[in-house]
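First up is the structure itself, then whatever we jot down about it.
Number of protein chains: 6
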Amino acid sequence: MRPSKRQPDELRPVSLERGVSRHAEGSCLVKFGDTHVLCAASLEERVPGWLKNTGKGWVTAEYGMLPRATGERMRREAAAGKQSGRTQEIQRLIGRSLRAVVDLQALGERQITVDCDVIQADGGTRTAAITGAFVALSDCLAWMETRGMVKRAAVLKDHVAAVSCGIHAGKPVLDLDYLEDSAAETDANFVMTGRGGIVEIQGTAEGEPFSRAELDALLGLAEAGIAQLVDRQKAVLGA
Amino acid sequence: MRPSKRQPDELRPVSLERGVSRHAEGSCLVKFGDTHVLCAASLEERVPGWLKNTGKGWVTAEYGMLPRATGERMRREAAAGKQSGRTQEIQRLIGRSLRAVVDLQALGERQITVDCDVIQADGGTRTAAITGAFVALSDCLAWMETRGMVKRAAVLKDHVAAVSCGIHAGKPVLDLDYLEDSAAETDANFVMTGRGGIVEIQGTAEGEPFSRAELDALLGLAEAGIAQLVDRQKAVLGA
Amino acid sequence: MRPSKRQPDELRPVSLERGVSRHAEGSCLVKFGDTHVLCAASLEERVPGWLKNTGKGWVTAEYGMLPRATGERMRREAAAGKQSGRTQEIQRLIGRSLRAVVDLQALGERQITVDCDVIQADGGTRTAAITGAFVALSDCLAWMETRGMVKRAAVLKDHVAAVSCGIHAGKPVLDLDYLEDSAAETDANFVMTGRGGIVEIQGTAEGEPFSRAELDALLGLAEAGIAQLVDRQKAVLGA
Amino acid sequence: MRPSKRQPDELRPVSLERGVSRHAEGSCLVKFGDTHVLCAASLEERVPGWLKNTGKGWVTAEYGMLPRATGERMRREAAAGKQSGRTQEIQRLIGRSLRAVVDLQALGERQITVDCDVIQADGGTRTAAITGAFVALSDCLAWMETRGMVKRAAVLKDHVAAVSCGIHAGKPVLDLDYLEDSAAETDANFVMTGRGGIVEIQGTAEGEPFSRAELDALLGLAEAGIAQLVDRQKAVLGA
Amino acid sequence: MRPSKRQPDELRPVSLERGVSRHAEGSCLVKFGDTHVLCAASLEERVPGWLKNTGKGWVTAEYGMLPRATGERMRREAAAGKQSGRTQEIQRLIGRSLRAVVDLQALGERQITVDCDVIQADGGTRTAAITGAFVALSDCLAWMETRGMVKRAAVLKDHVAAVSCGIHAGKPVLDLDYLEDSAAETDANFVMTGRGGIVEIQGTAEGEPFSRAELDALLGLAEAGIAQLVDRQKAVLGA
Amino acid sequence: MRPSKRQPDELRPVSLERGVSRHAEGSCLVKFGDTHVLCAASLEERVPGWLKNTGKGWVTAEYGMLPRATGERMRREAAAGKQSGRTQEIQRLIGRSLRAVVDLQALGERQITVDCDVIQADGGTRTAAITGAFVALSDCLAWMETRGMVKRAAVLKDHVAAVSCGIHAGKPVLDLDYLEDSAAETDANFVMTGRGGIVEIQGTAEGEPFSRAELDALLGLAEAGIAQLVDRQKAVLGA
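Protein chains in written order, with my numbering: chain D, 1 to 239; chain A, 1001 to 1239; chain L, 2001 to 2239; chain F, 3001 to 3239; chain X, 4001 to 4239; chain W, 5001 to 5239.
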């Protein structure tokens, strides 16, 4: 039995709330159970130096955690004077995941930055962030479409969402919360598209190495879980 | 007429929502109209070096803004590698304001850090933060009282709240929103206790210098506004 | 009786020595008793990015303390790798105070930076710095006038000076030295113009909150003290 | 045909040269073709704070590149004042990979740091680093064994090595060099043990998402490649 | 003829003013012509980690320049967030020079830090700083002697002073000012003791390399110049 | 007898290996006994701001040490977030030494950066670096000559090499290794040209001051040693 009483292939309650920011061009408060991430997409009429005069745009992400999003207060990164290696890893992952479904040529020479700030953490913050960031990005593109800047459907090639899986107490399970994550032997994050293509897979043996069979089981759970998450994205986006 | 149609002495709709963080010992989501600040109090069993073995504790605050809390996206301070002068000014002010109503001896050798993170900004973030931080601090002390660590009533000597006032279009007004703040000739922040004592006053002429009479008018507005804010604190804290 | 034997409304001996730097366009060594601040104004033919092509100039200030300006040696900020929150607060205050009496349009697209470096500290360094920085700025503008760049009288709209007041041993006193400052219940800094307008007021209760009556008493002391300081500025500037 | 004329399942020439540092307790210069990484293991009689008095040790890694290891000179990270996100990601990966085959209890309260410095880069620097770092770590443990500090066989539970695979020109290939890496549609890094367990898998779609079948093909190539690398480790270590 | 009309072997007017700081245990305002450096010695009852429990003390120095000490305003190092390579070179040189005449065992486990801050620069700031720092250090030790902490004569083994020489317009000259320094073909700094021993010599060819004969000529000038500086130190110290 | 059994005027075995980097325009692995430094010259078509549109180029150097180049592992400067004062001193010295033999006008508006990374240290890393950096620079200019960009002979005015000398056990010796360097009373570094001109001399008394006679002895050793080093440069460069 999982600590949360969920079935091995059961997601936590998922919610995707659009339009939560008065200022951002697109925004989404995503909840995977007690993990809450505020995603805000900002449009800027500039691109990184290496894209100037290429006609192509850029989509990037930044990630942060409020100091008391976690059980123990963590040091504020702004006060520490730098972002941790973990923070940088996660924000690079979110950016790559979003770009996997974006046609940068169709976006034009503009940059969209999606800020993903963890308000409360209970495991799976990066996968929730990716899932919510897609909604914020989609709404930002819709905002641009109403202003005649782009066609959202031309920029967004597919949906993208993410989920974690792991081997907990010897058993493959979907969408680990903090309690399971801390005790898991293996922990893997999957990012996939609405059509089932794999965008990113990151698996780590926390204790014993894992086998191909175990990887296959995790992949199977992830495919089913991400399909549900994409359905939720479609439902809230009305598409 | 004010842009928001409010009377000169009218606060924006105020809300103080307790217990919004699953992890923090005390927390409060404070809203002054469209300015929303999440305040989370964290208890730690340690004190700054200069207080070791004095029997006295410490209360401090940190302040931050989500990058897209504002109309234009601002650079993330953690990415920039330092906190701005403005951020440091504000967090020092919040800390001083809270300590003004705390008996550090009665707290004992422990530190409470109140993180004030601006989720959405529309003027007056520092005054909202002080007002909400008091509620989070009070709840943190209540949490400690249930564990026999302190008597809340012995630690908290009074209530404390804050509001901004300014001269806008030639007229003294209470609780400026961003639109008024940007256009104000004079901008002042007041921090006062429940018994009406002044804890901090910071007034700045943005354009023309102001007179003693104008300062008096602002002070009068602030006294009335802060009295209402303290009433709201008492109402939500059930005291 | 004050530790320094001064009357409650008595300034420390004030001296404003012009032309102390061989290189700066304007300079002033200001002394408020044992507090000595070297103020040097530097003219640069550039403005911050947001002012380019606006026809307007900028006046700003930087503040520092020699490590052994104080009773205990303090860590050198350049070695620590950053300016403290206190330093940033003070230099922002000096800059705002000077700009309050400058017509940035009449200055033209140039920047004047006034460096205020505390050679020796005995309380009131920020108020001495503002008072001396005005003299350095005025001499810098005179230097420019002799080169046909501006009319000083068109750029400088008024005089500006500053003083601290506080409640010490239950009594309102003017121009606190370090001994009084450390023991004061309330500490306030006032910046005013030659015509008596208030540019900035910052009052903080160090211990008990203060009342409106006490604030009024401090304001009265400040008005009289600043009037004397402006007289000294006029005397040394020969205006 | 691959640019390097290799077969799809063919590694670049691999060399593992032990004892290349006069000072380090263990060292290895690893070459995967034109990618050369110097790995040096340093023993220190201290552990990170969270392991004090637990009887457990720690193994960690740091990664760097000489500025001209690459085709274009890169900025020196020490001069830039920080390590890039990429550097931090890689050194965290190397550390996790080594710890996967180490019994930290058997190591005792000591830390081994393996510095992996890229002398010349041609793709696959992180996988070469892991493969060479294992040899340096093994030699460091042998050095300790001759001094009666540990039993190497008790500390090292298995071998560990790593290789990259990718889909290049539509075809799964093993051990990508820089030319292939830049053009690959999918790029994955695999870390496995001598017994074939998976320690870490990181796959990224650079362009189009990839399928489960493609992931399986890459995994198959990696298993065979890593088996060869482990054979080389055994050969040079004489075990 | 030198720009300053001095003879080739003529120092600028030298002044050493003791006791200029109200707080420091020893202080000296040193002037080499228009180069003015404030030297303040601070005693602290602690030593760097590597000297703990050795019975030996430490003497070190820090160096800084006010931003407008020079003809063009320089960026404040505290604002830039780091000390330049030049600053670090100079402060290391001052520290080594002072330690050359100090018996660290006789000092006991304490640290003296001499802050050398350039108030106004006209070439030769590092040599003026060393010469003045010796006076500040000597007075700090006298302060300690009056409190029975050390015998100054036991700690100070000799005098130490410094001067620059250079080849200007083809001719060896003593004590270069800024104008000469900028145009010198060769620039050398000499640090010597009262008994004529060489503590440090740093010579640099700015344009053409120099010969042994030229080095000899510079060394001869330096010996005579430093002898005069040591005489001035003795005169002001009354020894 | 020297610890290494060398004669007082005997260099360690010297080797200069060209073309060790696949990517750099010029490179050299220099060995002075157990001190090994990899020097890589990188050509860039840009110059520092102050040289723009002057027609002149720039030659500069950066210096680093692998963390375990030394007997005890040192902290990685990239991880520490800054270069030490020692590192900055050395890289400034290398840059000045190279520029002493370069005609920056003949180079044209381009920059050559020579990275000197210490792979293994046993004393004399800066002198080995200068000697090897000259070879890398020369090869970079040869690379440019084959592309018609410059005439190497027009850019390089002379050879430049460096060596350390010191007084060890009371006796002047050439080219100190780490063991001698740690115990030397006086330590001096000399940089000279092929024609015997002095480019830089830096001598420091570690213990007792040294005399002119001792300096002369060191200078004599250095002249002979550098002549041998320049012969080796000529031999490997085939000139």
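Where a beta carbon is used, it is the ideal one built from N, C-alpha and C, also for glycine. Note that the structure is a prediction, hence the values are computed from the model and not measured.
- Membership of Gln2120(L) in the beta strand (DSSP E) is indicated by the continuous run 2111 to 2120.
- Judged by pairs of C-beta atoms under 8 angstroms, the segment 1217 to 1224 of chain A does not touch the segment 2099 to 2115 of chain L, as fewer than three such pairs exist.
- A residue is called buried when at least 16 other Cβ atoms come within 10 angstroms of its Cβ; Arg4110(X) meets this threshold and is buried.
- Checking the DSSP bridge columns, you'll see Glu4044(X) partnered with Gln4111(X).
- Apart from sequence neighbours up to five positions away, the residues of its chain that approach Val2163(L) with a beta-carbon distance below 7 angstroms are Thr2127, Leu2174, Asp2175, Phe2190, Ala2222, Gly2225, Ile2226, Leu2229, ordered along the chain.
- Secondary structure of Val150(D) (DSSP, three-state): coil.
- Of the candidates Glu3200(F), Leu3107(F), Gly3166(F), Thr3131(F), the residue whose Cα lies closest to the Cα of Leu3016(F) is Thr3131(F).
- For Leu3237(F), the enclosing alpha helix (DSSP H) begins and ends at 3212 to 3237.
- Contacts with chain F at 8 angstroms (Cβ-Cβ) include Ser5042(W).
- In the DSSP assignment, Ala1184(A) falls outside any beta strand (DSSP E), carrying neither H nor E.
- The Cβ-Cβ distance between Glu1185(A) and Arg1002(A) does not fall below 8 angstroms.
- With a threshold of 16 other beta carbon atoms within 10 Å, Glu3045(F) falls short and is exposed.
- Remark: three or more beta-carbon pairs, one from each stretch, lie closer than 8 angstroms, so the segment 5078 to 5098 of chain W and the segment 5049 to 5066 of chain W are flagged as touching.
- Our two residues, Gly1197(A) and Val1102(A), have alpha carbons roughly 14 angstroms apart in a direct line.
- Of all residues in the segment 5114 to 5141 of chain W, none places a beta-carbon less than 7 angstroms from a beta-carbon of chain X.
- Any Cβ of chain A closer than 8 angstroms to the Cβ of Ala78(D) would place that residue at the interface, and such an atom is present.
- With contacts defined as CB atoms closer than 8 angstroms, Cys5028(W) and Ala5129(W) fail to qualify as a contacting pair.
- Shown here, Arg2012(L) sits in coil according to DSSP, grouped into three states, outside any helix or strand.
- For His168(D), no CB of chain A lies under 8 angstroms from its own CB, so it is not counted at the interface with that chain.
- Identification of residues in the segment 209 to 236 of chain D having a C-beta nearer than 7 angstroms to some C-beta of chain F yields Pro209, Phe210, Ser211, Arg212, Leu215, Leu219, given in sequence order.
- Any Cβ of chain X closer than 8 angstroms to the Cβ of Ala2024(L) would place that residue at the interface, and such an atom is present.
- Between the C-alpha atoms of Arg5092(W) and Arg4092(X) there is a straight-line separation of about 15 angstroms.
- Under the three-state reduction of DSSP, Val1135(A) is assigned to helix.
- Lys3171(F) and Glu3145(F) have their C-alpha atoms roughly 46 angstroms apart.
- With its beta carbon less than 8 angstroms from one in chain F, Arg5073(W) belongs to the interface.
- Only Lys5082, Gln5083, Thr5087 from the segment 5082 to 5097 of chain W bring a Cβ to less than 8 angstroms from some Cβ of chain F.
- Rounded to whole angstroms, the gap between the alpha carbons of Val3047(F) and Ser3084(F) is 25 angstroms.
- For Arg4110(X), no chain L residue has a C-beta closer than 7 angstroms to its own C-beta; the minimum C-beta separation is roughly 13 angstroms.
- Within 10 angstroms of the beta-carbon of Arg2096(L) lie 16 or more other beta-carbons, which makes it buried.
- Per DSSP, Leu5174(W) lies in no alpha helix (DSSP H); the unbroken beta strand (DSSP E) holding it starts and ends at 5171 to 5174.
- Setting aside the 5 residues that flank it on each side, Asp231(D) has no residue in the same chain whose C-beta is closer than 8 angstroms to its C-beta.
- For Thr1035(A), not one C-beta of chain D is nearer than 8 angstroms to its own C-beta.
- Closest by C-alpha distance to Glu2206(L), out of Asp2158(L), Trp2058(L), Asp2187(L), Ala2069(L), is Asp2187(L).
- When C-beta distances to chain D are compared with 8 angstroms, the residues of the segment 1009 to 1021 of chain A below that value are Ser1021, in chain order.
- Taking a 10 Å sphere around the C-beta of Thr2054(L), we find fewer than 16 other C-beta atoms and assign the residue as exposed.
- Contacts with chain F at 8 angstroms (Cβ-Cβ) do not include Pro5048(W).
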